[in-house]
Structure formats: C-alpha cells, structure tokens
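Residue numbers (numbering that gives the first Met the number 0), protein chains in the order written: chain A, 0 to 632; chain B, 0 to 200. Working notes, beginning with the structure itself.
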Amino acid sequence: MAIGRQPAQPVNNVGLLIRPNWDRGILSWLTTVDHKRLGILYIVTSTFFFLTASVEAFIMRLQLVRPEQQLVSPDIFNQLFTMHGVTMVFLAIMPLGIGLANYFAPLMIGARDLAFPRLNAFGYWVYAFSGVLLLSSFIFGGAPDVGWFAYAPLTSLSNNPGTGTDYFMVGLLISGLGTLVTAMNLIVTIINLRAPGMTLFRMPAFVWMILITMFLIVFAFPPLTIALFQVMMDRTFGTLFYDPAGGGMAILWQHLFWIFGHPEVYIIILPAFGVISEVIPAFSRKPLFGYAMVILSGIFIGFMGFAVWSHHMFTTGLGPIVNTAFALTTVVIGIPTGIKVFNWLATLWGGRIRFTTAMLFALAFLVTFTMGGITGIMLALPPFDAQAQDSYFVVAHFHYVMGGGALLAFFAGVYYWFPKMTGRMLNEVVGKWVFALVVGGFHLVFFPQHFVGLLGMPRRIQTYDAGLGWEVYNSLSTIGTWIMSIGALIFLTSMVLAFLNGKRAGNDPWDARTLEWSTSSPPPYYNFDKDPVVTGRDAWWAKKYPESVHADPAEQAAAEAAHEAEHDGGIHIPGQSWYPFIASAAIFLGGYAFIYDNWWLALLLLGVLLISCYAWALEGIGGRHIHPEEGHV
Amino acid sequence: MSGSVALEQVEHQPHRTGLPDLKLIMWLFLASDCMFFGTLIGTYLVYQGRSLEGPFPADVLDIPVTTVSSFVLLMSSFLMVLALHALRKDDIPRFRLWTFGVAFFGSVFLGFQVFEFSTFALEGLSLNQNLFGSTFFVLTGTHGIHVTVGVLMLLSILILSFVKPMSSKDAIFLEVTGLYWHFVDIVWIVIFTVVYLVEFA
Chain A
0 MAIGRQPAQP
10 VNNVGLLIRP
20 NWDRGILSWL
30 TTVDHKRLGI
40 LYIVTSTFFF
50 LTASVEAFIM
60 RLQLVRPEQQ
70 LVSPDIFNQL
80 FTMHGVTMVF
90 LAIMPLGIGL
100 ANYFAPLMIG
110 ARDLAFPRLN
120 AFGYWVYAFS
130 GVLLLSSFIF
140 GGAPDVGWFA
150 YAPLTSLSNN
160 PGTGTDYFMV
170 GLLISGLGTL
180 VTAMNLIVTI
190 INLRAPGMTL
200 FRMPAFVWMI
210 LITMFLIVFA
220 FPPLTIALFQ
230 VMMDRTFGTL
240 FYDPAGGGMA
250 ILWQHLFWIF
260 GHPEVYIIIL
270 PAFGVISEVI
280 PAFSRKPLFG
290 YAMVILSGIF
300 IGFMGFAVWS
310 HHMFTTGLGP
320 IVNTAFALTT
330 VVIGIPTGIK
340 VFNWLATLWG
350 GRIRFTTAML
360 FALAFLVTFT
370 MGGITGIMLA
380 LPPFDAQAQD
390 SYFVVAHFHY
400 VMGGGALLAF
410 FAGVYYWFPK
420 MTGRMLNEVV
430 GKWVFALVVG
440 GFHLVFFPQH
450 FVGLLGMPRR
460 IQTYDAGLGW
470 EVYNSLSTIG
480 TWIMSIGALI
490 FLTSMVLAFL
500 NGKRAGNDPW
510 DARTLEWSTS
520 SPPPYYNFDK
530 DPVVTGRDAW
540 WAKKYPESVH
550 ADPAEQAAAE
560 AAHEAEHDGG
570 IHIPGQSWYP
580 FIASAAIFLG
590 GYAFIYDNWW
600 LALLLLGVLL
610 ISCYAWALEG
620 IGGRHIHPEE
630 GHV
Chain B
0 MSGSVALEQV
10 EHQPHRTGLP
20 DLKLIMWLFL
30 ASDCMFFGTL
40 IGTYLVYQGR
50 SLEGPFPADV
60 LDIPVTTVSS
70 FVLLMSSFLM
80 VLALHALRKD
90 DIPRFRLWTF
100 GVAFFGSVFL
110 GFQVFEFSTF
120 ALEGLSLNQN
130 LFGSTFFVLT
140 GTHGIHVTVG
150 VLMLLSILIL
160 SFVKPMSSKD
170 AIFLEVTGLY
180 WHFVDIVWIV
190 IFTVVYLVEF
200 A
C-alpha cells in the first residue's frame, strides 16, 4: 500500500497551512475528514475494543467456571471487571452507535458530510487515543481496579496509591471530550444539513434516535467530566472533594456519576432502537407502525432519563420518600419503551417478512431486550432491589439490556448496512450460524445468572465456595461464553472474507426505504450525484414505488426541478487536514503528562495544542469543486 | 484547485434553520457548559458551611473589591455589543477599538482574580486547606480559564483583522465569540451571588 497517493489532478499536499488531498494510503486515513471513512474507523476501532473487553470477560468466566479456582489473582480480577465495564461502555458499545450514526445519519438525511468535518475527525481521534491510553494502563503498572463506577473514597490517593485510578480518570476525561464534540457536531448536522424537503418529521427514525442520543450526551457528560476532574484534583493537588476526613462526602460522587450514568444507558440503547426501527420496516416491507409515537416516546425517554438516576442508589439510605419518587419515575420510563416494542410488533403484523440475518437479530433483540426490561421493572422496586442489590441478578439484568439489547441491535445494523459500506454482501448462510451461536450463547451465559443471583451470589467476587448450589449455573455461563466466542470469530472471519471477495451488493440489495440506498455502494466521497429532494417519509421507497404510498411522481419531479434551478454550482468537498490528528495526539500525550505529574511536558503539549488550533482555524477550506452530473469528479 | 474556492460557495449547502452552523454549535456548547458550571456550583452549594477549619468564606471574601471587578466584567459585555454593531456596519476602526476594550476589561477582571487568589493564599486559604478552598478555587478558577480563553479569542480576531481585511461578512465569528463572552459573564453573576453575596446575606 502506498503511503499516500495523490489524485490524478496535481495538488500541493505539503505545507503548514495547506489542506492535503490524499486519495488512498495510510496518510489519507490519518488526515481524512470524510464522515464515511470516520464512521468505518469508529466501527473498526470499537470492534477492536469489543474484542479486548470480551477477552477480559472470557478470562473472568474461566476463573468462575468452578468453585475455589485460582486462575487469576483477586487483584487481576478487580482490574479485569473494571476494564471490562469501562471498555464495553465507553470504548465499544457507545462508539459503535456513534460510528453507525457518523456513517449513516448524513446519508439518511441527504447531506454530504457532517457540519464540521474536521471536528468529526478530532472527535474520532480523541476517542481512539483515549482507548489506547486506558488500555496501556495494563502495561504501565496495572489497570484501574475500582469498578466502572469508581466509587469514592475507593479512588482516593491513600486508598489507591497506584496509577490505575489516574488512568481511569484521565482516560475517561479525554474520551468524554471526543464524545461531546461529536455529539454537538451531529446535532448541528441533523438540524441544519437536511436535504430539501426533509422536514424533521420526515426523517428516518434512526436519525431521530441519534438526535435524541446526542442531546443526552451534551447534557449528561459534563457532570461526569467535572466529577472525574474533582477526583483528579483530589489525587494530584490534595483537594478535599471526596475526602471524608476533610468533610467531603462520598455520596456526592455517586450522585454525579449516576446523573451521567443513567442517561448513558439511554445513550447506548437509543441508537439501537433506531437501528431496529430501520431494520424491521425494511424486512417487513411496511412503513414503521406509529412513526410519531416511536419518535415521541424516544423524546420522552430522553427527558425521563435524567430523572431516574437514584434508582442506582436505593440501598445508600436516601430515605423512603426519595426511593419512592425514583421508583415511580423508573417505572414510568418503562412505558415509552413498551410503546416502542409494541410499535415494532405492529410493524411486523401483516408484513411480508424476509428472515435475513439482520431481521433475525432484530427479532432476537425484541425478545431479549424485553426480558431485560422486565427484570428492570423488578429492580425498580426498592424492596426487591434491596434483596437483589449487588448480586448476579443485576449482572443478568444489565447484560440483557446492554448485550441483548444494544449489541444484538448493532449486529442487526451491521448485517443490514455492511453491503452499503463495502459494496459486498455478507454470506447469509454463515450469518444464520452466527445468529444461532451468538444469541444461543448469550442466553446460556446470562439466563442462569438470574438464578444464581437470586441464590445469593454477589457480583465482583473472584471465587466462591463449593456447596452453595452455584456450581451448575456458573459452569453453564462459562460454556455460553465459549459458544458466543465461536460465533464472534465466525462473524469476524465472514466479514473479512466478504470484504475481500463477497458477492457484489448493488445499490439497494434489500429493496429498502431510506435515502442511503439511493446512492452507490459504497457511496462516492461526495455521497450523492444530485442533492436528494424529499417529498415524504421513506423517501427512497416513495421514489421507487410512488403508488404504494399514494405519492405523486409529478410532485416529486417538480420539487427536484425547482431545486435544480436554484442550485447548479456543483459540489465543494473540503480538503483533508492534519490538525485534528495532531491536536488529539497532543491531548493524548498530555494525558500521560498529567498522570505522571510532568508539568513541563504538559505545558509543551498545551503549546502544540494551541498551535494546531490556530493552524486549524487558518488553513482555509482547500479541497475540490466537482460537478458529478457532468462527469467531472 | 486547492484553496481557490471562496468560502461562500461552500456555504451554499442548504441550511434548514437559516442559522449558521457555527452559531448553532456554540449554543450547544453553551448548553453543555451550563451543565459544567451547574455541577461545579452544585458542588459548592453542597459543601457550603461544611469546612472543618478556617479560613471561612466570611474571613477572606472582600465584597467591595469583587464588586468592582464584577462591574468591569459586566461592562465588557456592553463593549462586546458595540464591537459587533460596529463590525456589522463595516466600521472597522470602532470594531477594533471596542474589541480591544472587551479584551482589556476581561484582562482587568483576570488581574483582579490573580490579586484575589494571592490575597487569599496569604491568608491561609489553599486548594487543600478546607472544602471552601477546594470548591472556591476550582469553581472560580474554571471561570477564570473561560475568561482567559475568551480574551485569547478576542485578541486573535483583533490581530487577524490587521492581517487580512475584515468586513461585515465576517461578523459571524465575532458574534459567536460574543455569545461565549456574554455566557461567561452571566455565569459570573451567578457565582458572585452564590459565593459572595449569599455569604453575607
């Protein structure tokens, strides 16, 4: 592979304030600002972190396969469950949703890129680097071992003198920065860059769910950021925020963490709802049933997501009034989720269903997620929660929601959109094996955990005594992880094989409904030859089969002609840029400077960051001006 | 072709709301920043009166001095409005004068803050002395960093106006900086009330 190839048209790629235009090669990926390439980078990177977190889980399950096993020490076990949680939540599931949003939200609303392409690149690189920083803690003196919620005062310097906790705080501070800027970027894109005629209530449900999710990020990440910052101040400068000896209150950390932490659950699950809302209509060959209710219940979840955080703290002694209030809000938030499930079921009803792998995963999502939702309602009741608190029942519950919910939905999404991203089809026969192994394995891992939890097995224990009746459940769980792992390995292999020589996909292999299927697979870097013009919901379907949705082709043609008369200036695609990469690299290295209190290095890197900010602002627009309809690309 | 296309052509993309992207993302940033400051102010309020040893707020806070610096900061917002108004009317000399004025007033406020911090330090208040020190310095320090960034942005725009010609078409950049500046001002009003005035109420 060439290091970087220039396009046929000679352009100057070298210079401090010149934006390069590499066509392919490693430089084109380091400097890319294309939302599709960044989407792929997000998906590949999050898959990598998925694998690391899965390996951690695999080792933990091996350790727990039978009683009184000593495969890993308790110290290592603490690091494993902490990093498993942190990696899955912050580096795997959430970025996978953001990656799909990055690739498909602009295509679905008929935009050519995000509103701020370089900021998008910056968001990706900051996320990727923060993951590397967190993972590197395993090499540099031990990973964090405080649980993914890092409760104070376990994180204080006196209780936890190693650098693992610093890696946790700094890594999440940096990753939060990347997530925040990408969220703002996507909101501006969805609000401002919709194609002509794409009103808010004509947007695909996926785009709506992404919009709501990104608002949740904008409001939920700041409390976490400040809380992390306070712990860092405690550890570095001896402030007293979470020091009980100085009057600090450990409970404050729990509040701030869960004010972030519960919206985070919805930040993970709402994009999954979006994927399901696209996959089920496409393979039922029906419009989404109750579109408006799906959207409005999503908005309601977004608001209520900020009003339920204390249900994570029922046993901390907040008192019966507070517990009752939060139990009620938690039960109420189950209603909009139920509305969605019934809307998806009604979409299936009377549809001409095709059982593709994507559809099978979507159907498995419906069942599995509902099971997680039902245990969620059980845990929402403080008396029950007091019994099940910190037991494997809770582990089973949130894995049914996160794994059985978000993960299965993203499997559906990847099977659905892989042809669009690569131009190749995944093998459907292999896909059904993957489906059987992943879903079967999943239930075998987590279903027994309900029972072992109710039998009293606590979370986060490295081993357990024989004779408690826990053995068979734990063995089943561990066998389940092997089955899931085989499924995951087959899945990854089939992805690579399909990418290399899968069947050609064509533009619209599923005969689907939304605009991303109207362009080539993979789409050109400028997305659409002509700006799409939208006159109703499910724009691509309406264009293909106007009679089925009572659309008037003449109206569509008139709208397109009117738009074309107005806009004939061609398309401008901005150049690539080095500065997002340089700025995030400076932040990444600055993270190490903070962890090891190297203030001169931190100052130097702050300088690099400032310079790259100015270069970013001053390097101009660069890029290419193209007229695809005239064949000048 | 590189660099030969004017910015206006890129701005040709449809903008559904009619608002510039830059303005929209600044509003989103400010919404997020509300939560940042909300958390810091919340922490301050939760820990109010929980310091185990002195110096306590009433021992060190100097209302008259901070009133002067607050007044200076609020007046800078007034100059900000004048600067934007001048740039929109292509009155470049006045735009430069008022922009410099905003940056100068902001710097005066920062000078007051340096004075205040060093006075407090001499009186024995530090980050790790008591909860008041921890919460006070982190809250007002974060605000001070915001003001510093604002001053840097204003000076950058001012210097840029000498390097390449500026006109009313560039007003969006000053307007967005202004949004940020006004927000930082408003946050100070809350901090001044919660931290300073409430203590003597």
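A virtual CB, placed ideally from N, CA and C, is assigned to each residue, including glycine.
Problem - Every unbroken alpha helix (DSSP H) within the segment 460-541 of chain A, with a cutoff of 4 residues, ordered by chain - result: Secondary structure remark: continuous alpha helix (DSSP H) runs of at least 4 residues inside the segment 460-541 of chain A, in chain order: 470-500.
Exercise for the section: Take residue 345 of chain A and list the residues in its own chain whose beta-carbon comes closer than 8 Å to its own, dropping the five residues that flank it on each side. Expected result: 288 and 289
Problem - Proximal residues to residue 594 of chain A (C-beta, below 7 Å), its chain only, five neighbours per side dropped - result: 162, 165, 166 and 169
Problem - Cα-Cα separation, residue 190 of chain A to residue 178 of chain B - result: 20 Å
Handout entry: Beta-carbon proximity check, residue 241 of chain A vs residue 152 of chain A, cutoff 7 Å
Key = yes
Handout entry: Rounded separation between residue 150 of chain A and residue 54 of chain A - CA only
Key = Computed Cα separation, rounded: 25 Å.
Practice task
Give the residues of chain A in contact with residue 49 of chain B, contact being defined as C-beta atoms less than 7 Å apart.
Solution key: 246
Exercise for the section: Could you give the DSSP three-state label for residue 266 of chain A: helix, strand or coil? Expected result: helix
Exercise for the section: Alpha carbon to alpha carbon, how far is residue 70 of chain B from residue 191 of chain B? Give it in angstroms, no decimals. Expected result: Between residue 191 of chain B and residue 70 of chain B, the C-alpha separation is close to 11 Å.
Exercise for the section: Give me the Cα-Cα distance between residue 448 of chain A and residue 341 of chain A, rounded to the nearest whole angstrom. Expected result: 27 Å
Handout entry: Sufficient close CB pairs (3 or more, under 8 Å) joining the segment 127-134 of chain B to the segment 51-67 of chain B
Key = yes
Practice task
Please name the residue in A:283, A:259 and A:338 whose C-alpha comes closest to that of residue 296 of chain A.
Solution key: A:338
Handout entry: Enclosing alpha helix (DSSP H) for residue 442 of chain A [first to last residue]
Key = 427-453
Handout entry: Proximal chain B residues relative to residue 237 of chain A, where beta-carbon distance stays under 8 Å
Key = 126 and 127
Practice task
Report yes or no: do three or more beta-carbon pairs, one from the segment 463-474 of chain A and one from the segment 413-431 of chain A, lie closer than 8 Å?
Solution key: no
Handout entry: Residues sharing a beta bridge with residue 457 of chain A, DSSP
Key = A:390
Handout entry: residue 517 of chain A versus residue 168 of chain B: straight-line alpha-carbon distance, rounded
Key = 37 Å
Exercise for the section: With a threshold of 6 Å, establish whether the CB of residue 126 of chain B neighbours any heavy atom of the ligand ATP. Expected result: With respect to the ligand ATP, the structure shown offers nothing to examine, as it has no ligands at all.
Handout entry: chain B within 7 Å of residue 218 of chain A, Cβ atoms only
Key = yes
Problem - Below-7 Å beta-carbon distance, residue 172 of chain A vs any chain B residue - result: Interface with chain B (7 Å Cβ-Cβ cutoff): residue 172 of chain A is excluded.
Exercise for the section: Would you give the residue range spanned by the alpha helix (DSSP H) that residue 234 of chain A belongs to? Expected result: Boundaries of the alpha helix (DSSP H) harbouring residue 234 of chain A: 204-236, taken from the DSSP string.
Exercise for the section: Would you mind reading off the limits of the beta strand (DSSP E) that contains residue 623 of chain A? Expected result: 623-625
Handout entry: Cβ-based neighbour list, residue 95 of chain B, same chain, cut-off 7 Å, excluding 5 preceding and 5 following
Key = 157 and 160
Handout entry: C-beta atoms of residue 154 of chain A and residue 230 of chain A nearer than 7 Å
Key = Result yes, Cβ atoms of residue 154 of chain A and residue 230 of chain A sit closer than 7 Å.
Exercise for the section: Compile a chain-ordered list of the residues in the segment 132-159 of chain B whose CB is closer than 7 Å to at least one CB of chain A. Expected result: 133 and 137
Practice task
For the segment 308-322 of chain A, enumerate the residues whose C-beta is nearer than 7 Å to any C-beta of chain B, in chain order.
Solution key: Residues of the segment 308-322 of chain A with a C-beta less than 7 Å from any C-beta of chain B: none at all.
Practice task
Pull out every residue of the segment 33-48 of chain B whose Cβ sits closer than 9 Å to any Cβ of chain A, in chain order.
Solution key: 33, 34, 35, 36, 37, 38, 39, 41, 42, 45 and 46
Exercise for the section: Label residue 322 of chain A either buried or exposed according to how many other C-beta atoms from any shown protein chain fall within 10 Å of its C-beta, with 16 as the threshold for buried. Expected result: Residue 322 of chain A is buried by the Cβ-count criterion.
Problem - residue 138 of chain B to residue 36 of chain B span [Cα, whole Å] - result: 8 Å
Practice task
Return no unless some Cβ of chain A is closer than 7 Å to the Cβ of residue 20 of chain B.
Solution key: yes
Problem - Within-7 Å CB hit, residue 5 of chain A to chain B - result: Its pLDDT being 49, under 50, residue 5 of chain A is placed unreliably in this model, and the coordinates cannot settle the point.
Practice task
Please look up how many angstroms separate the CB atoms of residue 211 of chain A and residue 301 of chain A, rounded, as I've assumed it's under 8 Å.
Solution key: 4 Å
Problem - Rounded Cβ spacing between residue 581 of chain A and residue 611 of chain A (contact assumed at less than 8 Å) - result: Between residue 611 of chain A and residue 581 of chain A the Cβ distance is about 5 Å, and since that is below 8 Å, they are a contact.
Handout entry: Limits of the alpha helix (DSSP H) - the one that residue 562 of chain A falls within
Key = 552-565
Handout entry: Which of helix, strand or coil DSSP assigns to residue 24 of chain B
Key = helix
Practice task
Using a Cβ-Cβ cut-off of 7 Å, state whether residue 31 of chain B counts as contacting chain A.
Solution key: yes
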